[in-house]
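> Position 157, counted from 1, in the sequence shown is what the numbering used here calls 673; the numbers after and before it change by one each time, with no gaps.
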Amino acid sequence: MAFFKLIALLCLLAVSALNVKGEVRKFPDTLSFGVATAAYQIEGGWNASDKGENIWDRFTHTTDTIKDRSNGDVACDSYNQHKRDVEMLKELGVDFYRFSISWSRILPEGFSNRLSQDGIAYYDSLINDLIQANITPSITLYHWDLPQNLQDLGGWANPLMVDYFIDFAEVAFEAFGDRVKTWITFNEPWVVCIEGYGGVTKAPALGISGIAEYMCAHTILKAHAKAYHLYDEVYRPIQNGRIGMSLNAGWDEPATQSPADIEAAQRNTQFNLGWYAHPVFSREGDYPQVMKDRVAQKSLEQGYSRSRLPEFTPEEIAYIRGTYDFFGLNHYTTTLVRMPTMRSIAKANFWDDVGTEGFPDPSWPGSASSWLKVVPWGFRKLLNWINENYNNPEIMVFENGFSDRDNKDDVDRISYYNGYLNALMDAIEDGCNVSIYTAWSLMDNFEWLEGYTERFGLYYVDFNDPRRPRTPKASALYYKSVLDSRTIERD
Ligand code: GBH
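As structure tokens, then:
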């Protein structure tokens, strides 16, 4: 008997030493699993009760830029069906649910002069049902749906927005903070500012590149820091929760090992992730040096009397630095980065400021989204990069997922998740301190400019049926089995 035990043990050791495909890998008990959604993408009820208009209502109703000419008026109808959503979360067996609050649903005028009782009641009911089901609620305050009247005042380009964001945050902490212990101030400020202010692919689609995105980021960083301090000083002592933001980042792999490409990849990371992460997570604070230098230099060359990148005062740098309880990360994909062959244009432009070129390796499997390639090892490298550059923070992965078109037997999504969960496990073994993993998304939903044409859900939603029925895809069963066993197979 002892002999057989010994043989079995030796086999096990051999298997783990050789990293054999199919080997069962167990997640640490400290890792929690969940799924995420966002208000505008799922709720519908765009004018229910006294809800105010937000920038996505305005954008989808007044432009024809959404691929299938759709909008979020009904979306998944979660405003009326959140009980079904909680049922699905129970079916999956998740530890937590990350959702966002629609600002204009609880503050119809954007300001805190008037609270919507119906709006508050909606989130109250959702939160209470989650707690009843033993699922931890976690709230994103801002997932891109600014009240339209605040946009009319300049939105995030208006520095006074800091205070109006704080008013909103305070209402949310007061109303829900007794039961909600994980707070995310901003989801992907990069996307908000680059695509909505510099570009035109998200509301409010200003398209003032090289100028507006820097203003937007400047305000958002200050608003984030102020919300952190408010929570830290006033709410943490009584509510005892945690607060941070969630930054999107791909992994930037140098296209070749030439010094120029390596430098380009590093600069790309600093201009995209570092732009938001360096002020908050680095020891020195402030924007990355390479970003300050390049934008100042280009601005001068272009005839501006000061850098297009606004400056923080030393007090602001100190105020923003360290405003985190965790590093929230949304990660989907990897790109190759190289030094561009063509150089410099005379006009202000964010991408010219960055001065890099990104492109995918043609061998990487794709998805329904042009930008999303399946590259699990990039996830491992990125987690290690964050670990090394920002002093081993607790990392909460708040989004990770794969898009396809119209498919319940979604084997490609299963292989994406299995690959990325293996990469996550590798990173944990490398010493990264990851405590949360979140799949995007619970169900198919309004994918912004792509409307309903790209699906990220574990549950399939039939958008042609007014009842918006939801059915588990094969990937929902896969994710459930991962959550039940807390293991994956090595791939
Ligand atoms: C997340 O953002 C969002 O938080 C979520 O709402 C959304 O549904 C989900 O992703 C799926 O898209 O310039 O063409 O290369 C993902 C953020 C999207 C940011 C792609 C970078 C690059 C577009 N990323 N984007 S492109």
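Even glycine gets a Cβ: it sits at the ideal position worked out from N, Cα and C.
Could you tell me the alpha carbon to alpha carbon distance between Thr839 and Ser632, rounded to whole angstroms?
The residue labelled residue 839 in the question sits at position 323 within the sequence shown. The residue labelled residue 632 in the question sits at position 116 within the sequence shown. If you take the alpha carbons of Thr839 and Ser632, they lie about 30 Å apart.
> Report whether the distance from the Cβ of Glu769 to the nearest heavy atom of the ligand GBH is below 8 Å.
Counting from 1 along the sequence shown, the entry for residue 769 is found at position 253. Because no heavy atom of the ligand GBH lies under 8 Å away, the Cβ of Glu769 does not count as near it: no.
> Apart from the five residues on each side of it in sequence, which residues of its chain come closer than 7 Å, Cβ to Cβ, to Ala771?
The residue you call residue 771 lines up with position 255 of the sequence shown. Answer for Ala771: Asp777, Leu852, Val853 and Arg854, listed in chain order.
> Can you find a C-beta in chain C that's less than 9 Å from the C-beta of Ala884?
The displayed structure is made up of one protein chain only, and chain C is not part of it.
> Quick check: Ile952 and Phe842, are their CB atoms within less than 9 Å of each other?
Residue mapping note: residue 952 aligns to position 436 of the sequence shown, counting from 1. Residue mapping note: residue 842 aligns to position 326 of the sequence shown, counting from 1. Yes, they are a contact pair.
> From what residue to what residue does the beta strand (DSSP E) around Pro770 run?
Your numbering for residue 770 matches position 254 in the sequence shown. Residues Trp767 to Pro770.
> Ends of the alpha helix (DSSP H) at Met941?
Within the sequence shown, residue 941 is the residue found at index 425, counting from 1. Looking at the DSSP string, the run of the alpha helix (DSSP H) that includes Met941 is Val927 to Asp946.
> What is the residue span of the beta strand (DSSP E) that Leu965 lies within?
Start at 1 with the first residue of the sequence shown, and residue 965 comes out as number 449. Taken as a continuous stretch (DSSP letters only), Leu965 belongs to no beta strand (DSSP E), as it is neither H nor E.
> Since I believe Ala555 is in contact with Ser616 (beta carbons under 8 Å), could you give me their beta-carbon distance rounded to a whole number of angstroms?
In the sequence shown, residue 616 corresponds to position 100, counting from 1. In the sequence shown, residue 555 corresponds to position 39, counting from 1. With a Cβ gap of about 5 Å, Ser616 and Ala555 count as contacting.
> Would you kindly check if the distance between the Cβ of Trp660 and the Cβ of Ile571 is under 9 Å?
Working through the sequence shown from its first residue, we reach residue 571 at position 55. Working through the sequence shown from its first residue, we reach residue 660 at position 144. Contact: yes.
> Return the residue from the list Lys814, Tyr835 and Val811 that minimises the CA-CA distance to Glu800.
If you number the sequence shown from 1, residue 800 lands on position 284. The shortest C-alpha separation from Glu800 is found at Tyr835.
> Below 8 Å, how does it come out for the stretch 915-927 and the stretch 858-873: are there three or more Cβ pairs, yes or no?
These segments do not touch.
> Find out if the Cβ-Cβ distance for the pair Tyr747, Ala685 is shorter than 9 Å.
Mapped onto the sequence shown, residue 747 falls at position 231. Mapped onto the sequence shown, residue 685 falls at position 169. In this structure, Ala685 lies closer than 9 Å to Tyr747 by Cβ.
> Can you tell me which residues form a DSSP beta bridge with Ala552?
Taking the sequence shown and counting its residues from 1, the one referred to as residue 552 is at position 36. Answer by DSSP bridge pairing, in chain order: Arg614 and Trp956.
> In the DSSP assignment, find the unbroken beta strand (DSSP E) run with Leu993 in it and report its ends.
Position 477 of the sequence shown holds residue 993. No beta strand (DSSP E) contains Leu993, which is instead part of the alpha helix (DSSP H) from Ala990 to Ser1001.
> How far does the alpha helix (DSSP H) with Ser594 in it extend, from its first residue to its last?
Within the sequence shown, the letter at position 78 stands for residue 594. Taken as a continuous stretch (DSSP letters only), the alpha helix (DSSP H) holding Ser594 covers Ser594 to Leu608.
> Are Val1009 and Phe549 touching if we call contact CB-CB under 9 Å?
Given a span of 517 to 1007 for the chain in the structure shown, any question on residue 1009 remains unanswerable.
> Using DSSP's beta-bridge definition, name the partner residues of Glu873.
As a first step, residue 873 is located in the sequence shown; it is residue number 357 there, counting from the start. Answer by DSSP bridge pairing, in chain order: Arg854.
> Who are the Cβ neighbours of Arg695 in its own chain at under 8 Å, not counting the five residues just before and after it?
For this step, residue 695 is matched to residue 179 along the sequence shown. Hits under 8 Å: Ile643, Asn644, Ile647 and Pro653.
> In whole angstroms, what is the alpha-carbon distance linking Met517 and Lys542?
As a working mapping, residue 517 is identified with position 1 in the sequence shown. As a working mapping, residue 542 is identified with position 26 in the sequence shown. Any reading at Met517 must be qualified, since the residue scores a pLDDT of 46, below 50, and its modelled position is unreliable; the value itself is stated next. Those two C-alpha atoms are separated by around 26 Å.
> Please name the residue, chosen from Gly894, Gly973, Pro909 and Thr969, that lies closest to Leu937 on a Cα-to-Cα basis.
Looking up residue 937 in the sequence shown gives position 421. Out of Gly894, Gly973, Pro909 and Thr969, Gly894 has the C-alpha closest to the C-alpha of Leu937.
> Could you tell me whether the Cβ atoms of Gln755 and Gly819 are closer together than 9 Å?
By 1-based counting over the sequence shown, the position of residue 755 is 239. By 1-based counting over the sequence shown, the position of residue 819 is 303. Not a contact, by the Cβ cut-off of 9 Å.
> Output the boundary residues of the alpha helix (DSSP H) element that contains Ile778.
Position 262 of the sequence shown holds residue 778. It spans Pro775 to Thr785 - the alpha helix (DSSP H) in which Ile778 sits, taken as one unbroken run.
> Near Asp593, which residues of its chain fall below 7 Å by C-beta distance, leaving aside the five closest residues on each side in sequence?
Counted from its first residue, the sequence shown places residue 593 at position 77. Result list for Asp593: Gly560 and Arg984, in chain order.
> In chain order, what residues of the same chain have a beta carbon less than 8 Å from the beta carbon of Ile724, not counting five sequence neighbours either side?
On the sequence shown, position 208 is the one that residue 724 refers to. If we look at Ile724 and ignore the five residues flanking it on each side, its Cβ neighbours are Tyr713 and Gly714.
> Taking the straight line between their C-alpha atoms, what separation do you get for Val536 and Met941?
For the purposes of this step, residue 536 is taken as residue 20 along the sequence shown, with counting starting at 1. For the purposes of this step, residue 941 is taken as residue 425 along the sequence shown, with counting starting at 1. Going by the C-alpha atoms only, they are around 15 Å apart.
> Using a Cβ-Cβ cutoff of less than 7 Å, which residues in the same chain neighbour Leu789 once the five nearest sequence positions on both sides are dropped?
Here the question's residue 789 lines up with position 273 in the sequence shown. So the qualifying residues of the chain are Leu763 and Ala765.
> Taking the alpha-carbon positions, what's the Gln786 to Tyr803 distance?
Residue mapping note: residue 786 aligns to position 270 of the sequence shown, counting from 1. Residue mapping note: residue 803 aligns to position 287 of the sequence shown, counting from 1. Rounded to whole angstroms, Gln786 to Tyr803 spans 9 Å at the Cα level.
> What does the alpha-carbon distance come out to for the pair Ser620 and Trp956?
As a working mapping, residue 620 is identified with position 104 in the sequence shown. As a working mapping, residue 956 is identified with position 440 in the sequence shown. So the alpha carbons of these two residues sit roughly 24 Å apart.
> Could you have a look at Gly844 and say whether DSSP puts it in helix, strand or coil?
What you label residue 844 is simply residue 328 of the sequence shown in a count that begins at 1. The answer is strand: DSSP assigns Gly844 an E or B state.
> What residues match up with Phe702 in a beta bridge as DSSP calls it?
Position 186 of the sequence shown holds residue 702. Tyr658, per the DSSP bridge assignment.
> Taking 8 Å as the cut-off, is the beta-carbon of Leu898 closer than that to any non-hydrogen atom of the ligand GBH?
Indexing the sequence shown from 1 puts residue 898 at position 382. Outside the cutoff, so no.
> Where does Phe875 land, buried or exposed, given buried means 16+ other C-beta within 10 angstroms?
Taking the sequence shown and counting its residues from 1, the one referred to as residue 875 is at position 359. By the 10 Å Cβ count, Phe875 comes out exposed.
> For the putative contact between Lys996 and Lys924, defined by C-beta atoms under 8 Å, what is the C-beta separation to the nearest angstrom?
Position 480 of the sequence shown holds residue 996. Position 408 of the sequence shown holds residue 924. With a Cβ gap of about 15 Å, Lys996 and Lys924 do not count as contacting.
> Using a Cβ-Cβ cutoff of less than 6 Å, which residues in the same chain neighbour Arg837 once the five nearest sequence positions on both sides are dropped?
Working through the sequence shown from its first residue, we reach residue 837 at position 321. Cβ within range, chain order: Gly801.
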